[in-house]
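In my numbering, the protein residues as written are 5 to 159.
Positions of the beta carbon are idealized from the N, C-alpha and C atoms, including for glycine.
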């Protein structure tokens with residue numbers, strides 16, 4: 005069974021207020037529990053724009069210090085991950101193309117994926133001989149793995 009994800013505001017540490025996207029004027033009647041679709045939505049807006057929309061909908065008295073997160077439930081616990089917003093926006097695929105010929109950069113990616121993806125997938129990635137093969141291997145990985153790489157390369 006696939007996890008359901010929800011956009012939320014972290015009101016206090018480990019205390020989250022889930023946001024129903026249907027309540028936000030910027031969402032245009034969009035709703036989902038898919039991480040990939042939530043990311044696609046939040047990447048269109050800055051954190052400030054999303055928080056202002058939450059204020060406008062009168063859902064919560066938010067301030068700019070409150071973290072915007074994505075929550076999901078795992079083993080009876082609420083887990084959180086950072087919400088990707090336009091503030092994060094950079095072109096991971098462009099960076100991968102640009103630095104593909106740098107062996108140190110590629111090794112950094114291989115080391116990052118070590119124990120995060122199946123050995124067979126890592127082997128395919130390491131054995132890719134062209135930029136296109138390399139990008140295709142990353143593109144075929146589960147979205148959560150691609151997302152972790154996005155955040156890793158961003159930092």
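- Sorting 14, 25, 158, 123 by C-alpha distance to the C-alpha of residue 96 places 158 at the top.
- Contact check for residue 11 and residue 74: beta-carbon distance about 6 Å, within the 8 Å limit, so the pair qualifies.
- In the three-state DSSP reduction, residue 16 falls in the strand class (E or B).
- Beta-bridge partners assigned by DSSP to residue 84: 75.
- If the five residues before and after residue 27 are omitted, its C-beta is found closer than 7 Å to the C-beta atoms of 61, 63, all from its own chain and listed in chain order.
- Leaving aside the five residues that flank residue 47 on each side, the residues in its chain whose CB is nearer than 7 Å to its CB run, in chain order, 88, 89, 90, 93.
- Fewer than three beta-carbon pairs drawn from the segment 125-136 and the segment 74-83 are found closer than 8 Å, and the two stretches are therefore not classed as touching.
- Around the CB of residue 29, fewer than 16 other CB atoms lie within 10 Å, so the residue is classed as exposed.
- Pairing residue 51 with residue 25 gives a Cβ-Cβ distance that is not under 7 Å.
- In the three-state reduction of the DSSP assignment, residue 11 falls in the strand class.
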